[in-house]
Structures are given as C-alpha cells and as structure tokens.
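Only one structure is covered here, and it is reproduced in the block below.
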Amino acid sequence: MKSNRILSRTLLVGCCALALQGLAKPQEISNTSKGAYGYTSISYDSSSNTVIGYSETDLDASLVGDYSPIVVGNMYQNGALLLTQLVKGTDVDDSISVTISVAGSPGATFMMKGTHSEDDSYSDYNQNGQLVYLDPGDLSYWLSQQVDELWSFPFLGDGTQVSTRSGHVSLGSTYDQANLTTPAACGDQRDTIISEYHTAPYTTTLDPRCADFTQFASTTHYNWSNFNTGDYSWAIVRTTLTTGVENVVSHYGSAPGWNSGYRNPAKEYRIDQGLGAHYTRGSRHMAGDAADFNSSASTWQPIHDAGKSAGGCVEPQAYQGGSAAHVHVDWRGQCPAKW
Amino acid sequence: MIKKAAFIKLLLIVCLPIAVLSQHAPSTEDVLSRFAAARWPDRAEALQQLMQMPGVLKSSDVRDALIALQEKENVYIRTYDPSTLGDVPMSEEYGDEYTTNLAGALKIVADEYHDGRAVSALAASFYNPDSPFASWIADQKDAVPRLMTMLTSDPPVTSGNAAYVLATMIDRDRRVGSKGVRSYTVMDPATRQRVITSIRAALADTHPYKRDWLINSLLMVGDHTDVILLQSLAKTDPNFDRQSSKYWQRDHAASAAAKLQARLTRSSQ
C-alpha cells in the first residue's frame, strides 16, 4: 500500500510537471511580441492626392483560436500625429489590418507606424481572490499585466468565478514604420494643369509631374503653336514626339499639315464633348507624345506609312468613322495590337 | 472554449464569403445581359467586369456571348454614323481599350478552345492590316472564308484591309517551312488564285485607301501580269491631292511595279 501511495504521488508530481510545461514562464517586459509579427507600408496616389498607410498584424497559425491579432496604425505628417486607428481581430483571425488615408500636401513627409500585438482570448479566472488566466502559447509577460498567476487547467472545484476582462491583456508588441515624401508643388500654372489630371470630370489615367512640362518646343518643320494646342502656356512635349514628327517628314517627303498636339485634360474634355464623344481619359494628346496630321483620302495612307516608318503607333482609319481627315500618330512605345 | 472558437471560425470561413458574394457580385448572366446595351461604354464596362471573373472562359455560354459581342461590334462599326444622335460616338477609347480587350479575350477562345467562329469574328473586326494582330489573323485558316467575303463585299476600308491580310496568307503559304513562317498552309491553290484575281479586279475601286492596300498586296504576291497592271495604274490613277500637288497612288504604284519587277527578276535567276 505504501509503495502504491509513493507510486501515485510520483505519478501526480510527474503529471503536474508535464502540465506545468504548458504554462507561460514569467518574463521581463519587452517590446517584442513573441507570436505577432507584421508589416507596414505607405504609398501616395497622385490621381486622388491621397497618402495611404497600411499596417498588418499576422499571428502564427498555431495561435489562431487562442489569441486575437491587434494592429494600431499611426499616421504622422512632418512628425506630427494626424490619425490613430486600432483594429482588433477575433480569435478566428490569423491577421488583421488597418488602412489610413489622408490628403497629401506638396513636399510633406508622411510616416505610417504600425504596432503589432496579440490579445489572449480567454476569460479571467478568479480563484479565491487570485486572478489567473490561460496562456497556452506561452507568450505572457504577465508580471506587467497585474496578473497574479498563470493558469492552464480546466476550472475546478467550488468558489471559482470566471470573469470577463475589463481591458485586453496585451502580450507584448512590436512595431515598424514606413515613410514617404509627396512631390513638391511647381509653384506656377503647372499646378493647375496637373490638378486637372486628377479632378473630375477630367480625371485621367496619366500622372504628370512638374518636370514633364515645358514652355518651348520647336523642330525644323513645326513650332510651339503646333506642339501646344492646350489652354495654357505650359505643355508636355516629349522628345519622342519632336524626333518622331521630323522622321515622319523625312519618310513622307514633305511636312504634313498639323492638326493637333498637346491638350490639357479640360481641353481634351471640351473637344470630346463638342463631338458628342466619350471622354478619352487616356488620350496620348494629354501625355504629350501624339500628333494629328491633316490628311485626305489620297494622303491618309502615305502619312500612315510614314508614321509607321518613323516608329509611331498609327490609329486605324476604321476607328475614325470612315473619315480620312487626319492621321493620329503617337510615340507611346508599346502600340495597341491592332494598330 | 477551443471547440466554440473553431466552430465560429468555420462559420465565418464558409458563410461570410457566400453572404458577401451573393449580396454584391453580379452574376455572369447579369453581366452577359449587358452586352445587349445600346451604348458602347456600357458594353465595354460589362466586358471589363466579365474578364475580372476568374476562369470565366471555361463556360461555353460565355464564349458564345463574346463571339456574338464581337459580331455586334463588327456591325456597329460598319454602320457607325458620327452624326447620329442617341449613341456615344467612338473615340480612341473604343479602339484602344474596349475592342483591344475584346480581341484579347477572343484570341484566347480561338487559341485555347480552337473555336473557328472566334477567328472569323476577329478577322472582320477593325485593325491596321500591317499590325501584329493582322499578322496573327494571317496564320488562321478559319479566317479565310470571312476575309474572302470582306474582300468582295465590304466597304472600301475593310475590303482593302482584307486584301492585304489574304495576300500575307498567300505569301506565307508559299514560304511554308521557311524560317519564321508557319509550318502549315491555310489556302488551297484554287482559293489563292481567286484571291489574286479579286485583288486585280478591285484595283478599279474609287477609294484611294483601298487601292493603296491592293498595291501593297500585289507587291507581295503578284507576278509579271501585275507588274504591267501596276505600271498602268502609275500612269492613270485618278486621285490628285491639291494640297501636296501630287498623285500619291500613282507614285505608290510606280514604286511597287519597280520593286515587284526586281523581285521577279531575282527569283527567275
């Protein structure tokens, strides 16, 4: 009997020792979260002048079900906090993210800081005034959480109470950050033109910068009033266009009459609306690499040939409603497959 | 507690996407029904939505609808009248984005599902006859009957385009097996002869664009008869451009006649 009691006590101690291996060990407070990781990014959408910060917290797959991911995003502009957002997942989430969008300002530095942590999903267990909780992933820095003891057993016996935690028990955190500086303003009429590219109803798929504009362009056969058919004294005139049109002249044998060059978005919109046409939001005329040459039934094909020989993309006549009044040539690089 | 969590997780994984999808995503049928829209921007938007649906081309209904849409555009663009009110006129966007996207989808139908109807519909669409797209058409046997019909019955622009693509086919048929040329023929000898005869006959067309492409076609596939024809055209072509004070088509024909003569001389040596 005595040997049986010794055996049973030995087994009990052994079992307890095994069970205790699942408990979190008291650790020092740290900024590093053991189970949560993540990343943070920041980007600038010039079409809407919006700075977009993104941060994501991910949990190890083994922790899903017992813990909930938490992410806190902080957006700063030139060091000053603009916006904070906290998102907490549930214990079925293996990741959670936060997106913060703010209006961009020219030449400003924005920073998105993301803080990643996880929250123990289990309720507290109050045993005779002593607060305990379960931490099966062994993630706790519990001494900092005003928790008296770790708990890893099913609720047993009388006098025990299960309570809902008033606040979350953070199990440590980690953070990262990303920065960007928005493009500086041009300080002149170009800011107005650039804003047209991003403003309804002129919104385009293009994204020009100050350095893309010029106030002078001229070639042997064409001058500034040919290249700039927009509303302003600034225009985008790509060197591929100026070189390309002179090559067209060489292949054609003379300078075809000029119909249209650069158009700012409002001008393009007016032309399309005037024709009753759908607004061409990706028009190469707004990109500064397109020319429309005057043509006739006789000259359409020779100008088409010259445009192709000059490395240009030539719009099929079929898309001009049977009209041979102009030949559209642009130097966008990769031409549409049917051109 | 863990069991409860797992159950909630399962519920969310299974039910949430179904609930979200059933509330917001349009069905394939909804999207296809919008192909019938009178305004082309609406058809273009429906196509864009359709192509964002993963694996959608596996459905024969979708493939049929795309072919029907291309045929609809083929009619639309041939009957298009810029002065017509009540419709949105074409613009660069029509050619650049919409019809390019449609052609991209149908090219998959043709290449991966070997559907000759897709090739035929694409052959009748609008494109430059010297474009990469036209070069692809020139390798498709299923395009021959449609191009033949276009050559003889279409308006001048598409008729001229068809002539040049058919000439490209004949040229490649003759050079089958050469480097960079396909390994199969797309036309029998009788069809080839019919094409050349039709091209010669069409030289009398009044539209200079069409004559330009017929001249280019004869330069590619012509013989000594065509040298004489081109030399004659170089003297008699009626189109005079006042602005440049030039007979462009005469110059074009003269240049083509000289090049063709030189090529035939080289090949007979």
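First to last, the protein sequences are chains A and B. Just so you know, the first sequence maps onto residues 1466 to 1804 in the numbering used here. Just so you know, the second sequence maps onto residues 5 to 273 in the numbering used here. Where is the CB? At the ideal position from N, CA and C, for every residue including glycine. The model shown is predicted, which means the values in this text are computed figures rather than measured ones.
Contact residues of the region 205-226 of chain B toward chain A are His211, Pro212, Tyr213, Asp216 and Trp217 (C-beta to C-beta distance below 8 Å). The three-state reading of DSSP puts A/Asn1693 in strand, counting E and B together. The beta carbon of B/Asn78 sits no closer than 8 Å to any beta carbon of chain A.
Looking at the DSSP output, A/Ser1660 shares a beta bridge with no other residue. For B/Gln247, the nearest CB of chain A lies under 8 Å from its own CB, placing it at the interface with that chain. The beta carbons of B/Val190 and B/Asp177 sit closer together than 8 Å. For A/Trp1723, the enclosing beta strand (DSSP E) stretches over residues Trp1723 to Ser1725. Between the C-alpha atoms of A/Gly1726 and B/Val180 there is a straight-line separation of about 44 Å. Counted as a single uninterrupted DSSP element, the stretch harbouring B/Met173 is not any beta strand (DSSP E) but the alpha helix (DSSP H) occupying residues Pro160 to Arg178. Taking 9 Å as the cut-off between beta carbons, the residues of the region 1757-1775 of chain A near chain B are Asn1759, Ser1761, Ala1762, Ser1763, Thr1764, Trp1765, Gln1766, Pro1767, His1769, Asp1770 and Lys1773, in sequence order. In terms of Cα proximity to A/Ala1501, the closest of A/Ser1533, A/Ser1508 and A/Val1516 is A/Ser1533.
When 8 Å is used as the limit between beta carbons, A/Val1779 is near these residues of chain B: Asn132, in chain order. Contacts with chain B (Cβ-Cβ distance below 8 Å) from the region 1720-1741 of chain A involve Gly1722, Asp1737, Leu1740 and Gly1741, listed in chain order.
Within its own chain, the residues whose Cβ lies closer than 8 Å to the Cβ of A/Ala1682, once the five positions on either side in sequence are excluded, are Trp1689, Phe1692, Asn1693, Ala1700, Val1702 and Thr1707, listed in chain order.
Not a single CB atom of chain A sits nearer than 8 Å to the CB of B/Pro58. Bounds of the beta strand (DSSP E) holding A/Tyr1509 are Ala1501 to Asp1510. Between the region 237-246 of chain B and the region 1781-1796 of chain A there are fewer than three inter-stretch CB-CB distances shorter than 8 Å, so the stretches are not counted as touching. When C-beta atoms of the region 1651-1668 of chain A are compared with those of the region 1757-1764 of chain A, fewer than three pairs fall below 8 Å, so the two segments do not count as touching. Closest in C-alpha terms to B/Tyr102, from the list B/Ala147, B/His256 and B/Gln74, comes B/Gln74.
According to the DSSP secondary-structure assignment, A/Ile1561 is paired through a beta bridge with A/Thr1522.
Closest option to A/Glu1583, judged by alpha-carbon separation, among A/Val1713, A/Gln1782 and A/Thr1555: A/Thr1555. Positions of the alpha helix (DSSP H) runs, each at least 4 residues long and wholly inside the region 182-214 of chain B, are given as 193-206 in order along the chain.
Contact between the region 1732-1742 of chain A and the region 1714-1722 of chain A is absent: fewer than three C-beta pairs spanning the two stretches fall below 8 Å.
The residue from B/Arg150, B/Lys111 and B/Asp134 with its alpha-carbon nearest to that of A/Val1779 is B/Asp134.
For B/Ala107, the chain A residues whose C-beta falls within less than 8 Å of its own C-beta are Ala1802 and Lys1803, listed in chain order.
Setting aside the 5 residues that flank it on each side, B/Val148 is surrounded in the same chain by Leu170, Met173, Val190, Met191 and Thr195, each with a C-beta closer than 8 Å to its C-beta; the list follows chain order. Listed as beta-bridge partners of B/Asp46 by DSSP are no residues whatsoever. By the C-beta density criterion, B/Val79 is exposed, having fewer than 16 other C-beta atoms within 10 angstroms. Boundaries around A/Gly1739 are those of the alpha helix (DSSP H), Pro1730 to Gly1739, since no beta strand (DSSP E) includes it.
Secondary structure at A/Glu1780: coil, using DSSP grouped into helix, strand and coil. Bounds of the alpha helix (DSSP H) holding B/Gly108 are Thr103 to Tyr117. DSSP places A/Tyr1717 inside the alpha helix (DSSP H), whose first and last residues are Thr1704 to Tyr1717. For B/Phe137, there is no enclosing beta strand (DSSP E); the enclosing alpha helix (DSSP H) covers residues Pro136 to Ile141. Taking C-beta atoms as the reference points, B/His256 and B/Ile232 fail to come closer than 8 Å. Spanning the alpha carbons of A/Ser1508 and A/Gly1518 requires a straight line of approximately 7 Å.
About 5 Å separates the beta carbon of B/Ala122 from that of B/Ile71, a gap short enough to meet the 8 Å contact definition.
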